[in-house]
Structures are given as C-alpha cells and as structure tokens.
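Novice: Quick one: the structure is below, and I'll ask about it shortly.
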Amino acid sequence: MPIGRVGQADEIGHAAIWLLSPAASYVHGTTIDVAGGR
C-alpha cells in the first residue's frame with residue numbers, strides 16, 4: 016500500500032467511471048494501477 020491505507024470505493028470508482036467515459040475511448044490493452052501513488 017504505497018499511500019499507507021486501502022483505497023475507498025469512491026476513489027477506485029473514479030477510475031472505473033473514467034474508463035467507461037468517452038474520454039477513455041482510445042485506451043485499450045493496458046493496466047491502470049489505482050494504488051495511491053508510486
């Protein structure tokens with residue numbers, strides 16, 4: 016845990032919502048590490 020705590024559902028949810036949005040339409044085949052830094 017790089018930030019020293021477990022992520023909250025809303026913090027992880029922001030990444031999921033972004034992936035479902037048109038802003039992420041060019042993103043594919045990648046891993047997005049939602050880990051609080053580093």
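Using the numbering used here, count along the sequence shown one by one with no gaps and you end on 53.
Think of the CB as a built atom: it goes at the ideal place given N, C-alpha and C, for glycine as much as any other residue.
Considering only their Cβ atoms, is the gap separating Val42 from Ala30 smaller than 7 angstroms?
Specialist: no
Novice: Rounding to the nearest angstrom, what Cα-Cα distance links Asp25 and Ile18 in this structure?
Specialist: 16 angstroms
Novice: What span of residues does the alpha helix (DSSP H) with His29 cover, start to end?
Specialist: Note, His29: alpha helix (DSSP H), Ala24 to Leu35.
Novice: Quick one: residues in its chain with C-beta nearer than 6 angstroms to the C-beta of Trp33, no 5 flanking neighbours on either side, listed in chain order?
Specialist: Excluding sequence neighbours, Trp33 sits near Ala39.
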